[in-house]
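Presented below is the structure to which this report refers.
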Amino acid sequence: MNVLMTGVGGQGIILASDILSEVMMRAGMDVKKSEIHGMAQRGGSVMSHVRFSKKVFSPIVPYGECDILISFEELESARYLPYLNRDSKVIINKFRLSPPSVTAGKDAYPDVLPLIKEITKNVAVVEGSAAAREIGNPRGVNIVLMGVLSRYLDVPENVWIDTLNDMVAEKIRKINIDGFMKGRSL
Amino acid sequence: MKKVLSGNEAIARGAYEAGVKFASAYPGTPSTEILETLAKEYKSILSEWAPNEKVALEAATGASYAGARTMAVMKHVGVNVAADPLMTLPYTLVRGGLVLVSADDPELFSSQNEQDNRQYARFAKIPMLEPSSSQEAKDFMIEAMRISEEFETPVMLRTTTRISHSMGVVETGDPVKVKAPTLERHPREWVMLPANARVRHPVIEERIIRLREFSNKSPLNFEEKGDRSIGIIASGIAYQYAKEAMPEASFLKLGMSYPLPDKKIKKFAAKVDELWVIEELDPFFEEQIKAMGITCRGKDKIPMCGELSPDIIRQAITGKKKKCPAPASLPGRPPSMCPGCPHRGMLWAIRRNKAFIAGDIGCYTLGFLPPLDAIDTCQCMGAGISHAHGMSKVFGAKNEKITAVIGDSTFYHSGLTGLLNLAYNNGTALIVILDNSTTAMTGAQNHPGTGMTLGMEKTIDVNLEQVVKALGIKWVETINPYDIKNARKKVKEALDYDGPSVIISKAPCVLLKSKAVPGKALSVDAEKCTNCKVCISLGCPAIEAKEDSVKINSLCVGCGICADVCAAGAIGGAR
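Protein chains in written order, with the numbering used here: chain A, 295 to 480; chain B, 2 to 576.
Below, the structure written as structure tokens:
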């Protein structure tokens with residue numbers, strides 16, 4: 295199973311993919327994860343690959359073999375089209391952050407949905423950022439989106455909850471579990 | 002116990018299990034997390050940030066001479082800084098195991114070049130191990146220590162970004178018991194004056210022969226039986242990619258990749274119809290294997306530049322291109338200097354004075370990007386000051402405006418000697434030290450100017466202005482870069498001064514939650530905005546160009562620089 299997470303530096307993609315990796319290991323799989331975060335703190339594009347199976351060799355997903363792509367930002371969902379195929383599931387968080395050429399007025403923010411729908415019809419747009427704001431934790435959008443993703447993976451809910459409890463600091467535990475459950479209901 | 006660990010975390014775990022006593026490093030992507038993990042999770046190991054990699058390797062050498070297991074950790078270009086001690090270190094007697102971790106960066110995710118540090122193992126005549134997964138990263142660290150002590154040699158553990166930063170499942174173990182350090186004297190083996198060094202050179206040559214035999218016998222290098230029509234020799238991440246791409250092929254997997262196991266390679270080559278050598282970057286194995294008289298394929302089809310992938314390997318070997326969707330043409334999203342970054346105003350002030358800006362390695366290198374366009378050179382740590390000095394010397398009385406910018410951590414790493422040279426040789430450039438009180442580029446590590454050690458113990462807090470004066474610079478001023486009008490004025494003054502000058506631009510990194518920045522977003526009065534775009538020229542991600550005016554978005558942290566440069570007084574709010 296090949297999951298790609300995409301978005302912008304600062305959205306919590308690395309923690310989210312760490313949690314997914316831990317969950318899958320606890321679910322008894324071999325797991326490998328790889329991401330680019332050299333300069334991600336400075337608002338660059340971020341992509342994380344998470345692969346799990348009985349045995350995984352490469353930590354990166356080959357082209358055309360992505361099963362689920364979950365994008366934390368709208369434009370970033372379309373940056374990695376070569377990884378997709380006609381059966382790929384694409385989940386897009388409804389949230390826009392303009393890249394530098396758009397803020398400088400040189401480019402328009404593109405309409406990405408048609409680009410993806412040309413490859414796969416299996417696309418869902420979710421209000422993850424709005425949900426995170428609703429429960430009073432706008433920075434927890436990554437956990438909300440993990441909740442969304444969990445609906446498409448065959449892992450018992452308690453494995454997710456136990457992992458979250460073990461991986462996040464105690465004082466923010468409750469709000470993260472709330473965020474996860476909210477995402478799971480979206 | 003099983004854990005999901007990054008390659009770097011696994012190396013730290015391996016150091017712990019191997020009984021390492023001392024570790025020294027300078028932060029550098031992708032190696033940084035090794036020491037951070039040691040400091041956080043394995044406090045029994047004395048871990049330190051050194052001012053640079055040469056110092057790190059020398060300190061590790063001292064610990065080894067005392068009989069303790071020790072490691073020095075650096076990114077690939079860091080090994081260049083440490084190359085002076087590295088070339089002589091193998092001549093000397095290693096007592097406690099000594100491992101040099103070199104974290105290479107194929108594809109240059111965060112580096113200024115793409116060098117293949119496997120060449121260093123051969124150059125320094127030391128054994129090298131290359132893990133291909135997090136599990137091996139941990140296991141090989143332990144094995145490297147054992148080899149180091151058995152053969153009394155430093156060992157290089159080479160990773161690449163894809164090993165350092167990818168995660169995998171690791172089975173952890175218990176730490177081994179190691180001997181306590183003892184003071185001994187071995188002057189013939191440790192004092193490398195010519196008479197002693199001459200005697201030691203043959204020791205290295207003879208050792209490499211023994212190591213080659215070890216490599217031939219070691220289970221670190223093993224065959225995987227498969228279809229004999231194609232045989233693949235690979236190491237590190239290239240092995241994983243090749244397994245993914247060609248699961249049916251026969252493999253010779255190299256864990257010890259210098260010196261090469263020549264007998265194993267000859268045996269393997271004789272068994273397969275077509276031999277492929279799959280490696281990232283240089284044809285390091287391929288050239289040695291061809292020199293053994295063995296026919297093989299490799300760099301005629303595999304690129305010399307950038308990272309490999311399963312797709313590249315499959316296409317090279319089978320000649321078949323996989324069908325997949327084409328990439329979309331989208332606006333790029335390069336990294337940029339953060340909203341509120343104290344360096345932005347300072348770079349803008351220098352540019353407005355129409356000066357040449359020799360740059361250096363750090364966050365401020367991002368000031369290269371438009372619209373700031375405020376970096377003209379960038380070569381290696383510390384080079385900017387020396388570039389500016391050389392330029393100022395050739396222009397002499399013609400008085401071109403020459404400046405260099407350098408971060409505080411980079412200044413302690415290798416700016417000190419450059420500045421001393423500028424003063425000593427009567428250069429006239431202006432050096433701006435961008436002091437944000439951290440090593441920001443690699444994620445906020447401490448250094449001699451932060452008052453804290455890696456382990457968060459209080460320590461000296463270097464007075465930068467005194468250091469600069471002590472090096473012989475007479476014109477020195479420390480300024481607040483958020484006061485942009487004063488910054489511009491001071492740059493002009495310094496450029497007009499006949500002699501070397503230094504401005505210390507002092508304000509903490511905004512990622513450290515600076516108190517200097519109010520944190521409240523500013524706004525634009527569209528009525529007053531003349532749409533002159535001066536604020537856009539700051540290159541701040543929080544300022545967006547609209548048709549008739551500009552808009553400030555939610556990324557704004559209220560540093561106020563845009564308000565100060567707005568002649569129309571249209572930007573206001575927090576200040």
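For every residue, glycine included, the Cβ atom is placed at its ideal position computed from N, Cα and C. Given the structure is predicted, the values throughout are model-derived calculations rather than measurements.
Name the two residues that bound the continuous alpha helix (DSSP H) containing residue i.
{"i": "Arg14(B)", "result": "8-18"}
{"i": "Ile562(B)", "result": "562-566"}
{"i": "Phe223(B)", "result": "Per DSSP, Phe223(B) belongs to no alpha helix (DSSP H); it is in the beta strand (DSSP E), 222-225."}
{"i": "Gly391(B)", "result": "384-396"}
{"i": "Ala83(B)", "result": "Note, Ala83(B): premise wrong, no alpha helix (DSSP H); not H, not E."}
{"i": "Glu42(B)", "result": "34-42"}
Can you give the Cα-Cα distance for residue i and residue j, rounded to whole angstroms?
{"i": "Glu206(B)", "j": "Thr183(B)", "result": "29 Å"}
{"i": "Ser352(A)", "j": "Ile466(A)", "result": "34 Å"}
{"i": "Ile362(A)", "j": "Ser133(B)", "result": "26 Å"}
{"i": "Ser219(B)", "j": "Val82(B)", "result": "32 Å"}
{"i": "Lys264(B)", "j": "Arg159(B)", "result": "23 Å"}
{"i": "Phe346(A)", "j": "Lys326(A)", "result": "7 Å"}
{"i": "Asp312(B)", "j": "Pro356(A)", "result": "6 Å"}
{"i": "Tyr242(B)", "j": "Gly338(A)", "result": "26 Å"}
{"i": "Ala19(B)", "j": "Phe152(B)", "result": "17 Å"}
{"i": "Gln113(B)", "j": "Cys381(B)", "result": "7 Å"}
{"i": "Arg576(B)", "j": "Val566(B)", "result": "The predicted position of Arg576(B) is uncertain, since its pLDDT is 46 and thus under 50; no value can be drawn from it."}
{"i": "Gly383(B)", "j": "Pro372(B)", "result": "25 Å"}
{"i": "Leu212(B)", "j": "Ile308(A)", "result": "40 Å"}
{"i": "Ala546(B)", "j": "Lys534(B)", "result": "8 Å"}
{"i": "Gly473(A)", "j": "Asp448(A)", "result": "20 Å"}
{"i": "Leu109(B)", "j": "Ala73(B)", "result": "22 Å"}
{"i": "Tyr498(B)", "j": "Asn400(B)", "result": "10 Å"}
What residue does the beta strand (DSSP E) around residue i start on, and which one ends it?
{"i": "Ile364(A)", "result": "362-365"}
{"i": "Glu545(B)", "result": "544-546"}
{"i": "Ala359(B)", "result": "357-359"}
{"i": "His343(A)", "result": "339-347"}
{"i": "Ser328(A)", "result": "324-329"}
{"i": "Glu172(B)", "result": "168-172"}
{"i": "Met453(B)", "result": "Premise fails: Met453(B) is in no beta strand (DSSP E) and is neither H nor E."}
{"i": "Asp456(A)", "result": "Counting along the chain, Asp456(A) falls outside any beta strand (DSSP E), though it belongs to the alpha helix (DSSP H) covering 451-461."}
{"i": "Asp175(B)", "result": "Premise fails: Asp175(B) is in no beta strand (DSSP E) and is neither H nor E."}
Which class does residue i belong to by DSSP, given the choice of helix, strand or coil?
{"i": "Phe152(B)", "result": "helix"}
{"i": "Glu478(B)", "result": "strand"}
{"i": "Met247(B)", "result": "coil"}
{"i": "Arg576(B)", "result": "Annotation note: pLDDT 46 at Arg576(B) (below 50); position unreliable, no value reported."}
{"i": "Gly232(B)", "result": "strand"}
{"i": "Arg147(B)", "result": "helix"}
{"i": "Gln446(B)", "result": "strand"}
{"i": "Glu54(B)", "result": "helix"}
{"i": "Met1(B)", "result": "No answer is possible for residue 1(B): it lies beyond the span of chain B, which begins at 2 and ends at 576."}
{"i": "Arg334(B)", "result": "coil"}
{"i": "Val200(B)", "result": "helix"}
{"i": "Arg70(B)", "result": "coil"}
{"i": "Val302(A)", "result": "strand"}
{"i": "Ala64(B)", "result": "helix"}
{"i": "Ala569(B)", "result": "coil"}
{"i": "Ile376(B)", "result": "coil"}
Determine the chain A residues that contact residue i at a beta-carbon separation under 9 Å, and present them in chain order.
{"i": "Lys323(B)", "result": "Pro356, Tyr357, Gly358"}
{"i": "Cys567(B)", "result": "None at all; the shortest Cβ gap to chain A is about 17 Å."}
{"i": "Ala327(B)", "result": "Leu375, Pro376"}
{"i": "Gln113(B)", "result": "Near Gln113(B) there are no residues of chain A at all, since even the closest Cβ is about 12 Å away, more than 9 Å."}
Using a C-beta to C-beta distance shorter than 8 Å, which residues of chain B count as neighbours of residue i?
{"i": "Ser392(A)", "result": "Glu545, Asn554"}
{"i": "Asp401(A)", "result": "Pro332"}
{"i": "Arg336(A)", "result": "Pro336, Ser337, Met338, Cys339, Cys364, Leu367"}
Strictly under 7 Å for the Cβ-Cβ distance: is residue i near chain C by that measure?
{"i": "Val396(A)", "result": "Here the protein chains are A and B, and chain C is not one of them."}
In chain A, which residues lie less than 8 Å from residue i when you measure between Cβ atoms?
{"i": "Met168(B)", "result": "Asp312, Ser315, Val325, Lys326, Lys327, Ser328, Pro353"}
{"i": "Lys3(B)", "result": "Met319"}
Below 7 Å on C-beta distance, what does residue i contact in chain B?
{"i": "Ala372(A)", "result": "Ala329, Leu331"}
> Can you find at least 3 beta carbon pairs, one from the region 337-344 of chain A and one from the region 296-307 of chain A, that sit closer than 8 Å?
Replying inline: yes
> Is the region 304-315 of chain B touching the region 505-523 of chain B, taking contact as three or more C-beta pairs under 8 Å?
Replying inline: no
> When the Cβ atoms of the region 432-450 of chain B are set against those of the region 360-367 of chain B, are three or more pairs found closer than 8 Å?
Replying inline: yes
>> Between the region 55-67 of chain B and the region 20-33 of chain B, can you find at least three pairs of beta-carbon atoms closer than 8 Å?
In response: yes
>> I want to know whether the region 416-433 of chain B touches the region 468-483 of chain B - three or more CB-CB distances under 8 Å.
In response: yes
> Any chance the region 397-407 of chain A sits against the region 336-345 of chain B, with 3 or more Cβ pairs inside 8 Å?
Replying inline: no
> Is there contact here, the region 3-13 of chain B with the region 156-175 of chain B, by at least three beta-carbon pairs under 8 Å?
Replying inline: yes
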